[in-house]
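Just so we're on the same page, the numbering used here is the position in the sequence shown counted from 1, plus 3.
Just so it is clear, CB atoms sit at the ideal spot from N, CA and C, and this is done for glycine as well.
Keep in mind it's a predicted model, so treat the numbers as computed, not measured.
Worksheet: the structure to be examined is printed underneath.
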Amino acid sequence: MALANPRQNPLEIIDLPASVRRRGPVWRGYLIGQDEKRRINRMLTSALLDDALCARLVYDRDSSLLSSFGLSLETQQWLRGIQAESLEELAGEISLQL
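Dropping the structure here:
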């Protein structure tokens with residue numbers, strides 16, 4: 004379905020209250036806020052600096068690692084579902100979906 008106005012925010016065609024639309028991007032019905040985005044960024048930055056942490060994140064999707072950054076259970080589940088073979092691929096997929 005094409006939008007009548009291509010500059011229209013696609014979330015405006017979904018019947019969500021304006022207060023919800025202002026909070027952040029929606030991923031499959033899950034609202035990702037600024038704090039959660041900061042936690043994801045901190046985790047990715049840490050993985051750049053630490054090879055062991057990078058392996059735990061990219062290859063293992065270690066639950067204890069994800070929780071240690073304060074990520075919600077929904078975000079942890081979402082991150083574990085992303086297919087990636089490198090930190091670069093993981094960051095790219097996260098960026099595309101946010």
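Can you grab the Cα-Cα spacing for the pair Gln-80 / Leu-74, in whole Å? 10 Å
DSSP-derived helix/strand/coil call for Val-29: Bear in mind that a pLDDT of 47 at Val-29, under 50, signals an unreliable position, so the number given afterwards is only what the model happens to contain. Three-state DSSP puts Val-29 in a strand.
Near Leu-69, what residues of its chain come up, given a Cβ to Cβ distance below 7 Å and the 5 sequence neighbours on each side ignored? Gln-79, Leu-82
Euclidean distance between Cα positions of Asp-38 and Ile-97: 15 Å
Where Leu-51 and Leu-60 are concerned, what is the direct C-alpha to C-alpha distance, given to the nearest angstrom? 11 Å
Secondary structure at Asp-54, three-state DSSP: helix, strand or coil? helix
Leaving out five residues on either side along the sequence, give the residues of the same chain with a beta carbon under 6 Å from the beta carbon of Met-46. Phe-72
CB of Leu-3 within 8 Å of CB of Lys-40, strictly: Because the chain in this structure spans residues 4 to 101, residue 3 falls outside the shown range and cannot be described.
Could you spell out where the alpha helix (DSSP H) holding Gly-94 opens and where it closes? As written in the sequence, residue 94 is Ala, which differs from the Gly given in the question. Unbroken alpha helix (DSSP H) run through Ala-94: 90 to 100.
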